[in-house]
Amino acid sequence: MPELPEVETWRRLAHRASVGKKITIVYADQDEIIYDRNQPAEVAKHLKGKTITGTERRGKHFWLTLSDGYDLYIHFGMTGSLWWLEKPESEEPSHVKLRLHFADGTRLIYRNMRRIGKVRLLEDARANPPVSKLGPDPIEETLSLAWMKEKLSTRKAPIKAVLLDQAVFAGVGNWIADEILYQARIAPQKRCVELSTDEIKTLRTCMMKILRKAVNVDADASRFPKNWLFHYRWGKKAETDAQGDRIQFDQVGGRTTAWVPSRVT
DNA sequence: CTCAGTGTTCAGTG
DNA sequence: TCACTGAACACTGA
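To convert a position in the first sequence, counted from 1, into the numbering used here, add 1.
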């Protein structure tokens with residue numbers, strides 16, 4: 002479920018796993034959708050023998066920096082994930098798209114079941130699209146209330162759609178947008194221009210609180226607070242939230258949106 | 001068998 | 001140009 006907290010958790014994992022290490026062997030799967038800019042063989046050849054110097058992230062976009070100045074850009078899409086296998090005998094998951102071997106016998110693996118995702122070799126990930134077109138990452142930078150007001154006051158779209166706009170808030174995805182609106186008690190359909198200063202203020206604090214909390218528990222859903230809508234929205238199984246209020250599912254901003262009508266004014 | 005889905009991008013419209 | 005909407009992308013599992 003890669004939204005900002007998951008990607009940040011994987012970035013930290015990759016950091017521990019790989020920074021300062023030399024890549025000894027590379028496997029890059031023959032997949033022209035994942036490898037849309039460079040041939041897998043070209044990526045593998047380039048990576049072999051290079052040292053990983055750092056890890057970076059903005060929103061849901063992640064990349065490793067290499068000793069020759071290049072970046073290995075990775076996007077997880079809907080079903081991508083990152084694995085670090087510390088024991089040589091550990092079994093791999095299926096659908097491995099990229100595998101980096103290090104001299105200490107550990108492996109860093111990117112897998113993606115449904116092939117909506119990307120692996121690219123870039124000269125400067127941060128300076129080029131899609132990363133360069135992203136808005137601020139709410140975990141990396143503090144979003145001031147003035148900035149929020151300026152961004153939201155001009156938009157006519159429903160607040161849910163704008164929360165999902167990566168050019169405004171990098172890293173907010175479908176369930177986090179719903180969680181923010183649920184906790185802020187704002188209807189997802191409400192047009193941005195209609196939001197009061199108080200609502201924008203609440204939106205801002207809820208966004209910060211939810212993202213920070215999710216990152217602090219390593220994006221482990223079982224450690225999210227019990228009263229989060231998150232636990233009740235998946236699979237459309239639950240009829241009600243923690244307080245017994247009815248959850249409704251509607252299309253907003255082109256996505257299925259879980260919300261509780263009785264909570265909003 | 002049909003359809004929704006954690007994300008992004010692009011075409012079409014106003 | 002821009003803001004906005006809806007479809008497409010691939011594949012799995014309900």
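Ideal Cβ placement from N, Cα and C applies to all residues, glycine included. It should be emphasised that the depicted structure is a prediction, and the values quoted were computed from it without experimental measurement.
- At least 8 Å separates the beta-carbon of Leu48 from that of Leu83.
- Residues of the same chain with a CB within less than 6 Å of the CB of Glu200, apart from the 5 flanking positions on each side, are Ile187 in chain order.
- When the beta-carbon positions are compared, Arg224 and Asp246 stay at least 8 Å from each other.
- Looking from the CA of Phe103, the closest CA among Glu87, Arg59 and Arg127 belongs to Glu87.
- Ranked by Cα distance from Glu195, the options Leu144, His96, Gly174 and Arg156 are led by Arg156.
- Looking only at Trp85, Gly50 and Arg115, the smallest Cα-Cα distance to His96 is reached by Arg115.
- Residue Leu109 holds the alpha-carbon nearest to the alpha-carbon of Glu92 among Leu109, Gln40 and Lys46.
- Counting along the chain, Tyr74 sits inside the beta strand (DSSP E) bounded by residues Asp72 to His76.
- Three or more beta-carbon pairs separated by less than 8 Å link the stretch 135 to 142 to the stretch 169 to 179, which places the two stretches in contact.
- Per DSSP, Val253 is one residue of the beta strand (DSSP E) stretching across Gln249 to Val253.
- If you draw a straight line from the Cα of Ser154 to the Cα of Ser145, it is about 14 Å long.
- Residue range Val97 to Phe103 is occupied by the beta strand (DSSP E) that includes Phe103.
- The way I'd put it, the stretch 161 to 169 does touch the stretch 239 to 259; three or more beta-carbon pairs between them come closer than 8 Å.
- For Pro189 against Trp235, the beta-carbon gap comes to about 17 Å, at or over 8 Å, which does not count as contact.
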